Amino acid sequence: MSNLQLTVHEFLAIMGTLDEHMEKTGFKGESAIYDAWYQQWREVEAKVEKLSMMDRADMLFDGKVTINDIPAEHLAEVTVCIKEQVAIHTKMIEENDIDADPDDLEIWQNRLAAVKELKKDS
27 MSNLQLTVHE FLAIMGTLDE HMEKTGFKGE SAIYDAWYQQ WREVEAKVEK LSMMDRADML
87 FDGKVTINDI PAEHLAEVTV CIKEQVAIHT KMIEENDIDA DPDDLEIWQN RLAAVKELKK
147 DS
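For the sequence shown, the tail end lands on 148 under the numbering used here, and the numbers increase by one without skipping.
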């Protein structure tokens, strides 16, 4: 098994999106990473919310969350989540959304490439 390292921003975005999906199903859907990472998500989110704006920005993009010994099942699910983020940001750019940011898209594309490489190695 491999270790997966995400920025705090990536981790919170993935878990927030999963939370939205779970809420839509009345929390009856299945998500291995949602269940496994839920407590860590809430703890990280609480820490971030207590920070000042500048410290929060630093934590989101410089802080790291490491998932040790990530099982193949979790790696597959996180890959799907990252692909969804790539699709969201691509669509925003294509639609000239005011919040569209090519740098955000590049971050997610790079993370997807890194996770695919991690999958090869595991």
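For every residue, glycine included, the Cβ atom is placed at its ideal position computed from N, Cα and C.
Values in this document were obtained by computation on a predicted structure and should not be read as measured data.
> How do the region 118-131 and the region 57-72 stand: do at least 3 beta-carbon pairs fall below 8 Å, yes or no?
Replying inline: no
> Whose C-beta lies closer than 7 Å to the C-beta of H35 among residues of the same chain, with five residues either side of it excluded?
Replying inline: Against the sequence shown, residue 35 aligns to sequence position 9. Contacts found: L86 and F87.
>> Assuming K73 is part of the alpha helix (DSSP H), what are its boundary residues?
In response: One-based indexing of the sequence shown puts residue 73 at position 47. From DSSP, the alpha helix (DSSP H) with K73 extends over A58 to E75.
> Does DSSP put D95 in a helix, in a strand, or in coil?
Replying inline: Residue mapping note: residue 95 aligns to position 69 of the sequence shown, counting from 1. If DSSP states are grouped into helix, strand and coil, D95 belongs with the strands.
>> So, at 7 Å on beta carbons, what are the nonlocal neighbours of I119 in its own chain, with the 5 sequence-adjacent residues on each side left out?
In response: By 1-based counting over the sequence shown, the position of residue 119 is 93. Cβ neighbours of I119 beyond the five flanking positions: A126, P128 and L131.
> What are the start and end residues of the alpha helix (DSSP H) that includes N136?
Replying inline: To locate residue 136, count along the sequence shown from 1; it is residue 110. Here the alpha helix (DSSP H) through N136 covers P128 to D147.
> Just checking my contact of V74 with F37 at CB under 8 Å: how many whole Å lie between their CB atoms?
Replying inline: In the sequence shown, the residue the question calls residue 74 occupies position 48. In the sequence shown, the residue the question calls residue 37 occupies position 11. That pair is no contact at about 10 Å.
>> Taking its Cβ as the centre, do 16 or more other Cβ atoms sit within 10 Å of S78, making it buried, or is it exposed?
In response: As a working note, residue 78 is residue 52 in the sequence shown. The residue in question, S78, is exposed, as its Cβ has fewer than 16 Cβ neighbours within 10 Å.
> Cβ atoms of I96 and S28: under 7 Å apart, would you say?
Replying inline: Residue 28 sits at position 2 when you count from the first residue of the sequence shown. Residue 96 sits at position 70 when you count from the first residue of the sequence shown. Cβ distance < 7 Å, so S28 and I96 count as in contact.
>> Please report the distance separating the alpha-carbon of D61 from that of I93.
In response: Within the sequence shown, residue 61 is the residue found at index 35, counting from 1. Within the sequence shown, residue 93 is the residue found at index 67, counting from 1. Cα-Cα distance, rounded: 14 Å.
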